[in-house]
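Accompanying notes for the structure given below.
Set out below in structure tokens:
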């Protein structure tokens, strides 16, 4: 290595590979599940603590950010009032309705589109164009068509969710293994049998992926719709709290929405693991 | 059912049943195939004629990209010839063709058992019979105890054995095999080949077998068609006159086999250079 002159005949290079050292305590902690969870708790405590400190530090900061304790208190109070639940019910009803309509209509259209190459080639540019339209911008049109009530929010949710399902189901239903087609044909499967035994089954993971995305988008669409024009719903509550400069209440509503979204997402995650255990894709 | 060109095969008679010999069970008469029209016509198969008797084992070898698979597709009815006629003759019933590919093409959401049941499901076989037959077939390919496993839980070789069981579940008159063992590692391939050969020598279904592997073609088939580069014609017919049951491992030391191998190799080499 160094420039020391050594007789090359006598130089022996050795490299020793020794047994791996046993993991130290720190390594054991960082690779354990409990260690990861402990880390998460620390992150949460630090984040909430910083937030609390900032809010307690000055009135100005408190005005903009409130504090975790205040938000918690407001949330508990809020959950005790019937008006909150009336609004939550309205929003969730709109979101679920929008989601279901999107899922049914989008899936049917996506599936049908995958069955006909000709129809697909004709419609492809139209679908792409509509899909790339920022559909939240349709809110004003929907208010005109469906009024200020719940229907316009459902329509907005559908305008987002429909395409999520359409695109996913279309892809799932057209990504059919060439070999399945050959084998099924030589087995004498007719078209209906092929759809029932192969296409529908292989579309399931795509439908679940679409559902996860579709649900969160439906909630978002409904909240935005209500912010734009509504007398009730969580979106209008958010807006009211904002115009009352009630930061704690806004955050309390957001926390509620967060919890609802997390529960739904976990439920779908469970469904995904149950129904797609055959897939070699890591979950 | 005596094989057309192998007369010294003493074991052929063992499998012969009461059914009359059907020498032209499958016949190709001046069959051509190509893509496109007019000036853009791209010939793939050019004027191929042959007949195969019931229970014969025919292998196709040839340079990559020649029309080997196309010939199988024509027999399967997946491609129609652009000229000539293919006749599949069956005195007894509607002709059944099964296709086995290099990749297993199993449905990943179905268990091994349910995959084997699939062709019977499509044919409307009753549930109980379907289950019993599938279990029997899985046992035959050495997968008893793996009925409930999904394809992700099985090794490559096991999946291909499930595919073989599914192919047999169709109870086919003709078995089309397109490099069925080529994706397996060398050791697994030998095991699955031996298994398949055993089953075939017992059942004697008519087989058309495409392969790149000359030793595989010689070890399994009664007749090997050497195909030319595209447009495909039959360049040479080799009939491995090797007694059955054959032992794949022992063949390597067999003189006839080695001579045939060298002969086949030199033919193919000239063909590949063109």
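Residue numbers (this note's numbering), protein chains in the order written: chain S, 1 to 283; chain H, 284 to 557.
Every residue gets a Cβ at the ideal spot worked out from N, C-alpha and C, and that includes glycine.
All figures in this text were calculated on a predicted structure; none of them were measured in a lab.
Since residue i meets chain S, which of its residues come closer than 7 Å, beta carbon to beta carbon?
i, result
"residue 382(H)", "182, 183, 186"
"residue 421(H)", "Per Cβ cutoff of 7 Å: no residues; residue 421(H) is ~17 Å from chain S at best."
"residue 402(H)", "187"
Rounded to the nearest angstrom, what separates residue i and residue j at their Cα positions?
i, j, result
"residue 296(H)", "residue 335(H)", "With a pLDDT of 40 at residue 296(H), under the threshold of 50, the modelled position of that residue is not reliable, and the figure given next carries that caveat. Straight-line Cα distance between these residues: approximately 17 Å."
"residue 481(H)", "residue 501(H)", "15 Å"
"residue 132(S)", "residue 106(S)", "16 Å"
"residue 528(H)", "residue 484(H)", "7 Å"
"residue 12(S)", "residue 18(S)", "19 Å"
"residue 342(S)", "residue 104(S)", "Here chain S covers residues 1 to 283 and nothing more, so residue 342(S) does not appear."
"residue 486(H)", "residue 457(H)", "12 Å"
"residue 87(S)", "residue 40(S)", "33 Å"
"residue 289(H)", "residue 202(S)", "Interpretation of residue 289(H) is limited by its pLDDT of 35, a score under 50 that renders its predicted location unreliable; no figure is taken from the coordinates."
"residue 339(H)", "residue 551(H)", "23 Å"
"residue 83(S)", "residue 154(S)", "21 Å"
"residue 516(H)", "residue 494(H)", "16 Å"
Going by DSSP in three states, residue i sits in which element: helix, strand or coil?
i, result
"residue 142(S)", "helix"
"residue 558(H)", "This structure does not reach residue 558(H), given that chain H is present from 284 up to 557, and the question cannot be answered."
"residue 199(S)", "helix"
"residue 322(H)", "helix"
"residue 508(H)", "strand"
"residue 249(S)", "helix"
"residue 513(H)", "coil"
"residue 408(H)", "coil"
"residue 519(H)", "strand"
"residue 184(S)", "helix"
"residue 12(S)", "coil"
"residue 424(H)", "coil"
"residue 277(S)", "coil"
"residue 84(S)", "helix"
"residue 429(H)", "coil"
"residue 242(S)", "helix"
"residue 524(H)", "coil"
"residue 461(H)", "strand"
"residue 378(H)", "coil"
In terms of alpha-carbon separation, which member of the options lies closest to residue i?
i, options, result
"residue 313(H)", "306(H), 331(H), 356(H), 307(H)", "331(H)"
"residue 477(H)", "532(H), 428(H), 430(H)", "532(H)"
"residue 206(S)", "191(S), 185(S), 149(S), 172(S)", "172(S)"
"residue 187(S)", "388(H), 551(H), 509(H), 486(H)", "388(H)"
"residue 197(S)", "512(H), 521(H), 545(H), 402(H)", "402(H)"
"residue 547(H)", "556(H), 497(H), 351(H)", "497(H)"
"residue 522(H)", "537(H), 505(H), 516(H)", "505(H)"
"residue 507(H)", "382(H), 344(H), 452(H), 311(H)", "344(H)"
"residue 213(S)", "67(S), 166(S), 36(S), 108(S)", "166(S)"
"residue 278(S)", "475(H), 377(H), 398(H)", "398(H)"
"residue 439(H)", "489(H), 553(H), 503(H), 469(H)", "469(H)"
"residue 93(S)", "52(S), 223(S), 33(S), 61(S)", "223(S)"
"residue 525(H)", "536(H), 517(H), 306(H), 515(H)", "536(H)"
"residue 269(S)", "217(S), 211(S), 220(S)", "211(S)"
Along chain S, in chain order, which residues have C-beta atoms closer than 8 Å to that of residue i?
i, result
"residue 361(H)", "182, 185, 186"
Give me the chain H residues within the contact set of residue i, using Cβ-Cβ distance strictly less than 9 Å, ordered along the chain.
i, result
"residue 153(S)", "Chain H residues near residue 153(S): none, gap ~37 Å exceeds 9 Å."
Can you name the residues of chain S whose CB is closer than 9 Å to the CB of residue i?
i, result
"residue 527(H)", "Result: empty, since nearest Cβ-Cβ is about 27 Å, beyond 9 Å."
"residue 406(H)", "187, 188"
Counting only Cβ pairs nearer than 8 Å, list the residues of chain H close to residue i.
i, result
"residue 70(S)", "Neighbours of residue 70(S) on chain H: none; closest Cβ ~50 Å, over 8 Å."
"residue 175(S)", "Result: empty, since nearest Cβ-Cβ is about 13 Å, beyond 8 Å."
"residue 201(S)", "390, 392"
"residue 237(S)", "Chain H residues near residue 237(S): none, gap ~44 Å exceeds 8 Å."
Between residue i and chain A, is the shortest Cβ-Cβ distance under 8 Å, so that the two count as touching?
i, result
"residue 209(S)", "The question asks about chain A, but that chain is absent: this structure's protein chains are S and H."
Mind pulling the chain H residues with CB within less than 7 Å of residue i?
i, result
"residue 179(S)", "384, 386, 388"
Practice item. Scan the segment 432-455 of chain H for residues whose Cβ lies nearer than 7 Å to a Cβ of chain S and list them as they occur along the chain. Key: Along the segment 432-455 of chain H, the positions whose C-beta sits under 7 Å from a C-beta of chain S are 433, 435, 453, read in chain order.
Check your understanding: Of the residues that make up the segment 262-279 of chain S, which ones have a beta carbon closer than 7 Å to any beta carbon in chain H?
Key -> Within the segment 262-279 of chain S, the residues whose Cβ lies closer than 7 Å to any Cβ of chain H are, in chain order, 278, 279.
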